[in-house]
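So the protein sequences, as listed, match chains Z and A.
Using the working numbering, read the first sequence as starting at 215 and increasing by one per residue.
Using the working numbering, read the second sequence as starting at 215 and increasing by one per residue.
2 protein chains.
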Amino acid sequence: MRSSRRDADVPALVEAARGGSARAVARLVSMVEDGHPGLREVAAGLAPHTGRAYVVGLTGSPGVGKSTSTNALVSALRRRERRVGVLAVDPSSPFSGGALLGDRIRMEEHATDPGVFIRSIASRGQLGGLSFGTPQAIRVLDGAGCDVILVETVGVGQAEIEIASLADTTIVLLAPGMGDGIQAAKAGILEIADVYVVNKADRDGADTTVRDLQGMLGLAGRYGVDPDDRWRPPIVKTIASRGEGADDVLAAIDAHREWLEKTGGLRDRRRARAAREVEAIAIAELRARIGGLHGGSTPDSLADQVLDGELDPYSAADRLLRESARETH
Amino acid sequence: MRSSRRDADVPALVEAARGGSARAVARLVSMVEDGHPGLREVAAGLAPHTGRAYVVGLTGSPGVGKSTSTNALVSALRRRERRVGVLAVDPSSPFSGGALLGDRIRMEEHATDPGVFIRSIASRGQLGGLSFGTPQAIRVLDGAGCDVILVETVGVGQAEIEIASLADTTIVLLAPGMGDGIQAAKAGILEIADVYVVNKADRDGADTTVRDLQGMLGLAGRYGVDPDDRWRPPIVKTIASRGEGADDVLAAIDAHREWLEKTGGLRDRRRARAAREVEAIAIAELRARIGGLHGGSTPDSLADQVLDGELDPYSAADRLLRESARETH
């Protein structure tokens, strides 16, 4: 494996990742994060070996215990002998590392387990935010043989909603004593849940949180698949710090997966995800090609024609798209 | 003029806008804001009639007096018998109107002046933020015969920096008693200024603000064009609420314009602006075409192939770009 960033020996890296090399996985995820020019080759190398992993998204406001819950789920999955990938997405930072150090320390018990891959990925500043890099990082972990990939968003806001479009099953975490949190979360995060987890269930107010949630969702007593074959998100109580309830969460995920597979929803979700990923790559490609065309004189001469009123910007954009499409690799 | 939103009689609207109809200008700017399908025709109709207006960007933290300053500049420009366009860009809101009502009221003295067009444009939620809609709205005001277009950002943050890429001359407003503001602004907004305006110059601390600014810029005593023919942004003091200093600001703008014209910088700035605008339209076009292709089966079948590992997402993106480029209008 050569060490230059531009000259990564991609086939060897892909092979090593498939063989379970944590170092190769780390390197490939870094390439995704950097928008490395070798990504095209990485994607081609991984393509035949992906599509097996089940992707679980975890999101929730700060303080609900996302990392602890992830940790507990990893332990429960390892007891079932599943290979697990953990992808911590930090949309607030252009750099991975720093902000996630705490999480990494908490995940330390799994750090030496060859059946667990833990990677963080920063998405700020990336074209398309989560939609460009995250699916590609998921693909790396998938290609490395993970059975389940837990994607945890560290950030808040839009990224919490976006994660649902990346996951097969989305878990929204809540905690008692954050009463306002439920109201605040109403803005969007609640609707994306396939499974609700009320963590810190040993604290005062846990039952109130569950009841509030039930009331808000109008779901009291109707969880799982209803008579019309629609999915009703269950509410699971956990104490993640002690690992309590992790198996119940896995059971809820399994039930949701079964429902998705039965109804064809899994294929639909994944198809939509792949379409979005392809679109994000196409847009990044287009930008890169326009950048490349700048080396020639096309955009400048187009811009001059627009400036001189000889060409309107829409017609110029059409030409740019035609020029870009002619570019080959 | 037909009233249906989809069937705007574009040639008639463009003609009316060129003839000075405030209503036609308003309608065209709304079309830009809405991403109306008739924009292509609008752009084509306007193209031969644009390129004359001089674009001045105004930005600064909340509370420095942006609207009052804009108002004072409009009055000063009207005394010189210039036709003036004012474009208030609100990057924080998906809707124009509400947030800008206050500004509109303050601008009331110009509201009935046929030589002044005042429009607001919301940019949040638009593809590409400022870069898609704002240049097109500028083009409308340009085509309507404005000599000068003042583009004021209501928001803070990235939009303040972006505005510099849209303007021929960028004014950064500061006010005394916002000492921390200078430090905070350091992050980027100070570097984009072609002209600094310290407004509320009758307040305590105005001279301190000027000195702080001079110190920070290392510019003490060296304004205007230096011996190396580089531009040194001048610092102008104003009391916008009384109209004081507005002529000095116009003089600074004129000096900067003269320098830009002499050095060829004006053409360079406008070429870069047109290139960015074309790129933003190309990306919006690409998204729209991908959306259009969804009507057919291309993206779904591509996504299926990606899901099945037959195609990697980069190769799928290439195909999507090729398909998109084949689309015609």
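Virtual Cβ for every residue (Gly too), placed ideally from N, Cα, C.
Its Cα nearest to that of ARG293/Z, the residue GLY457/Z stands out among ARG232/Z, GLY457/Z, LEU516/Z. Each of VAL239/A, HIS263/A, PRO262/A was checked against the Cα of PHE331/A, and the nearest Cα belongs to VAL239/A.
As a beta-bridge residue in DSSP terms, ALA336/A pairs with ASP304/A. ILE495/A reaches chain Z at PRO527, TYR528, ALA530, ALA531, counting residues in chain order whose Cβ is nearer than 8 angstroms. Separation of ALA258/Z and PRO527/A (C-alpha to C-alpha, rounded to the nearest whole angstrom) is 8 angstroms. GLY274/A counts as buried, since no fewer than 16 other beta carbons sit within 10 angstroms of its beta carbon.
For LEU431/Z, there are no CB contacts under 7 angstroms within the same chain when 5 residues up- and downstream are skipped.
In the structure shown, the three-state DSSP call for GLU247/Z is helix. With respect to the 8 angstroms criterion, THR367/A and VAL303/A are classified as neighbours on the basis of their beta carbons. Counting along the chain, THR477/Z sits inside the alpha helix (DSSP H) bounded by residues 460 to 477. About 12 angstroms separates the beta carbon of ILE335/A from that of LEU380/A, a gap too long to meet the 8 angstroms contact definition. DSSP places THR367/A in the strand class (E or B) of the three-state scheme. In this structure, ALA454/A lies away from GLY277/A, with their beta-carbon atoms at least 8 angstroms apart. Taking 8 angstroms as the CB threshold, ASP356/A stays off the interface with chain Z.
At a cut-off of 8 angstroms between C-beta atoms, LEU242/Z does not count as an interface residue with respect to chain A. Here GLY359/A has ARG297 as same chain residues with Cβ atoms under 6 angstroms from its own Cβ, once five neighbours each way along the sequence are excluded. The stretch 217 to 288 of chain A contains, as complete beta strand (DSSP E) runs of 3+ residues, the segments 268 to 273 (chain order). Put simply, the stretch 344 to 354 of chain A touches the stretch 489 to 498 of chain A. At least three CB pairs are less than 8 angstroms apart. Within a 10 Å sphere around the beta-carbon of PRO328/Z sit fewer than 16 other beta-carbons, which makes this residue exposed. Here LYS476/Z is exposed: its Cβ has fewer than 16 other Cβ atoms, across all protein chains shown, within 10 Å.
Chain A has a Cβ within less than 8 angstroms of the Cβ of VAL492/Z. Its chain contains GLY252, GLU255, VAL256, GLY259 as the residues whose beta carbon lies nearer than 7 angstroms to that of VAL224/A, once the 5 sequence neighbours on both sides are disregarded; these appear in chain order. LEU253, ARG254, GLU255, VAL256, ALA257, ALA258, GLY259, LEU260, ALA261: these are the residues of the stretch 235 to 261 of chain Z whose beta carbon lies less than 9 angstroms from some beta carbon of chain A, given in chain order. DSSP, reduced to helix, strand and coil, places GLY329/A outside both helices and strands of the structure shown, so it counts as coil. Residues are counted here when their Cβ sits less than 9 angstroms from a Cβ of chain Z; for the stretch 461 to 490 of chain A these are ARG481, ARG484, ARG485, ALA486, ARG487, ALA488, ALA489, ARG490, given in chain order.
Each of HIS263/Z, GLN519/Z, ASP443/Z was checked against the Cα of HIS470/Z, and the nearest Cα belongs to ASP443/Z. For GLU376/Z, no chain A residue has a C-beta closer than 7 angstroms to its own C-beta; the minimum C-beta separation is roughly 15 angstroms. Between GLY391/A and the set VAL354/A, ARG417/A, GLU405/A, LEU404/A, the nearest pair of CA atoms involves ARG417/A.
Within its own chain, the residues whose Cβ lies closer than 6 angstroms to the Cβ of LEU291/Z, once the five positions on either side in sequence are excluded, are VAL298, VAL362, listed in chain order.
Look at GLY523/A: its C-beta is under 8 angstroms from a C-beta on chain Z. With a 10 Å radius around the Cβ and a threshold of 16 neighbouring Cβ atoms, ALA325/Z comes out exposed. The C-beta distance from LEU535/A to GLU499/Z rounds to 6 angstroms, short enough to fall under 8 angstroms. Annotation: THR452/Z is outside any alpha helix (DSSP H) and is labelled neither H nor E by DSSP. Here VAL450/Z is near VAL411/Z, since their CB atoms are less than 8 angstroms apart. For GLY459/A, the number of other beta carbons within 10 angstroms of its own is at least 16, and it is reported as buried.
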